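Taking it in order: structure first as structure tokens, then the write-up.
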Amino acid sequence: MDSTTQTFQHCSFSIKLWPPSRSTRLMLVERMTKNLMTPSIFSRKYGLLSKEDASEDARQIEDIAFTTANQHFEKEPDGDGSSAVQIYAKESSKLMLEVLKRGPRLKGIPELVSEKANGTTQTVFDISGGRRAFIDAEEAAELLKPLRGPNSYTKICFSNRSFGLDAARIAEPILLSIKDQLTEVDLSDFIAGRPEAEALEVMTIFSSVLEGCDLRYLNLSNNAMGEKGVMAFESLLRSQNNLEELYLMNDGISEEAAKAVSELIPSTEKLRVLHFHNNMTGDDGAIAISEIVKRSPALEDFRCSSTRVDSVGGVALAEALGTCAQLKKLDLRDNMFGVEAGVALSKAIPAFAGLTEIYLSYLNLEDDGAEALADALKESAPSLEVLAMAGNDITAKGTASLAAFIASKQFLTKLNLSENELKDEGAILISKALEEGHGQLNEVDLSTNSIRRSGARILAQAVVQKPGFKLLNINGNFISDEGIDEVKNIFKSSPDMLGPLDENDPEGEELDVDAEEEDADHDELESKLKGLEIKQDL
């Protein structure tokens, strides 16, 4: 089924590290092939792989590593994909080492995975590794063979394999024989490229055979289902009373589809995780989702990002979230909430005493919305670790409330206020808020904020000595050449902690005065701020 094109609702640009390009993936395969063929202490002990074996192993290693990292990226977004890249590299290295230790006598990763399945992962049956590909009846019969006969599998993952009708009919009796023992089902991305009629019939087969499973986890993401797809899963959804995690990301969930989901699932009282990322839900769809949220008092992790929700839908979601006292992670980024929905959300914030992560970037909050949220967060969420409010047209005016709120959050690890209009005044307010404490802070992003020399230097001084600090991103600002030198000098003992500055514009595109005058009076600005304090309640 063809994927529905998703449109972005803001025009800001940021560097994304994930997913890697096809050429990058091929380059990694070539590099691993060469490394696997190179004589080493392992080859002397276990034997040297042939070029053919090394090439095949490298390809399979990359496939598995990519799938593992991509699943992490979808479930644990960090903005630029840097953590997914780390997992990609780590998984590749780990699997390479296992192949080297195994030598040429045992080929490839499938056996490696099989051994894992016979060890500590006997309850998980996963065919998502390897190439993303169509599977026919013959291949389905071979892949699903371990499910025949007695087994202890409670979770199945069919992601990354596209089932046609013949393959679905092979899977049908096999799944019927184990349905009563299943508690987790992952059918994400399992009909890719199929004609709509065939895809709907495949989904109906899986839905019917799995009807009545007492599931805790259900993932139907990346299937471009729309309303027809949701209704194809009617039997399965109607039979779920104990779901704890539900994922419907990138599914073309329209207003009608969202209403169908809300009406089909009989109970969400135990639901802890609900993800609706990257759909075309709109305001009316958001209202339907809000009904699910109202019926989910145990909700801990809610993601409704990139769903085309405007102010009306934003207000409905905000009001519904006020009933979720267990919420720990909230991701609403990349919608068109506006000030009104921001203010409505601020009224729900006091309910979130255990909140640790909140992602509110690209919501058109402006100063009024940001100030309302900052004031509410200051009085709640004492253990907040992650705050993202990028791309909200926040100016220095709105930064005072933000700074007071940030100063009160001593467990903060990541702060993202990029793509706003903080300028020097706002940047210095944030810097002062971070000066005292914040020993767990490891990442600050104030890129693209029209910051100049003074703001950059004071921000750098505020974070450089933090014990676990890893990255300061101030790229895309208006820092003079002298200011760049000052910042680099501050980080001279730990240059890796300073992000790239290649997009900085030392001339500045929005100068009200000459750059030379700005550099000349930066000391005066500092002198005015010497006595500045961020007030916070004890």
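In terms of our numbering, the sequence shown opens at residue 1002 and continues consecutively.
Quick reminder that beta carbons are idealized off the backbone N, C-alpha and C, glycines included.
Every value quoted in this text rests on a predicted model; they were computed, and no experiment measured them.
Are the Cβ atoms of residue 1376 and residue 1347 separated by less than 9 Å?
yes
Go through its chain and collect everything with a Cβ distance to residue 1474's Cβ below 6 Å, but skip five positions before and after it.
1446, 1448, 1500
Measure the beta-carbon distance from residue 1320 to residue 1349 and round it to whole angstroms, keeping in mind my assumption that it falls under 8 Å.
7 Å
Pick helix, strand or coil for residue 1497, following the three-state DSSP scheme.
helix
Alpha carbons only, please: which of 1082, 1100, 1085, 1259 is nearest the one belonging to residue 1061?
1100
If the criterion is Cβ atoms closer than 9 Å, does the pair residue 1128 and residue 1161 meet it?
Residue 1161 is positioned such that its CB atom lies closer than 9 Å to that of residue 1128.
What residue from 1235, 1199, 1063 has the CA that sits closest to residue 1260's CA?
1235
Spatial neighbours of residue 1407 within its chain, please: C-beta separation below 6 Å, excluding the five flanking residues on both sides.
1434
Compare the beta carbon distance of residue 1502 and residue 1456 with 9 Å and say whether it is the shorter of the two.
no
Measuring only the C-alpha atoms, how far is residue 1267 from residue 1143?
36 Å
Helix, strand or coil for residue 1019? Go by DSSP, reduced to three states.
coil
State the CB to CB distance for the pair residue 1300 and residue 1333, rounded to an integer number of angstroms; the pair is presumed to be in contact (CB under 8 Å).
With 8 Å as the limit, residue 1300 and residue 1333 do not qualify as a contact, their Cβ atoms being about 13 Å apart.
Nearest CA to the CA of residue 1421: which residue from 1033, 1195, 1411, 1395?
1395
Which residue marks the beginning of the alpha helix (DSSP H) containing residue 1288, and which one marks its end?
It spans 1283–1295 - the alpha helix (DSSP H) in which residue 1288 sits, taken as one unbroken run.
Just list the residues that DSSP pairs residue 1163 with in beta bridges.
1135
By Cβ distance below 6 Å, which residues in the same chain neighbour residue 1363 in space, the five residues on each side in sequence not counted?
1011, 1334, 1335, 1392
Whose C-alpha, out of 1312, 1029, 1284, is nearest the C-alpha of residue 1344?
1312
Would you mind listing the beta strand (DSSP E) stretches within the segment 1394–1440 that are 3+ residues and don't spill past its ends, in chain order?
Within the segment 1394–1440, the complete beta strand (DSSP E) segments of 3 residues or longer fall at 1415–1417, listed in chain order.
Just tell me which of 1204, 1442, 1186, 1179 has its CA closest to the CA of residue 1169.
Ranking 1204, 1442, 1186, 1179 by CA distance to the CA of residue 1169 puts 1204 first.
Between residue 1316 and the rest of its own chain, which residues show a CB-CB distance below 6 Å, the 5 nearest in sequence each way excluded?
If we look at residue 1316 and ignore the five residues flanking it on each side, its Cβ neighbours are 1342, 1345.
How would you label residue 1467, buried or exposed, when you count the other beta carbons within 10 angstroms and need 16 or more for buried?
With 16 or more Cβ atoms within 10 Å of its Cβ, residue 1467 is classed as buried.
Opposite residue 1217 in the DSSP bridges: which residues?
Residue 1217 is not bridged to any residue.
I need the DSSP call for residue 1245, collapsed to helix, strand or coil.
coil
Tell me the DSSP bridge mates of residue 1358?
1330, 1387
Below 9 Å between beta carbons: does that hold for residue 1231 and residue 1262?
yes
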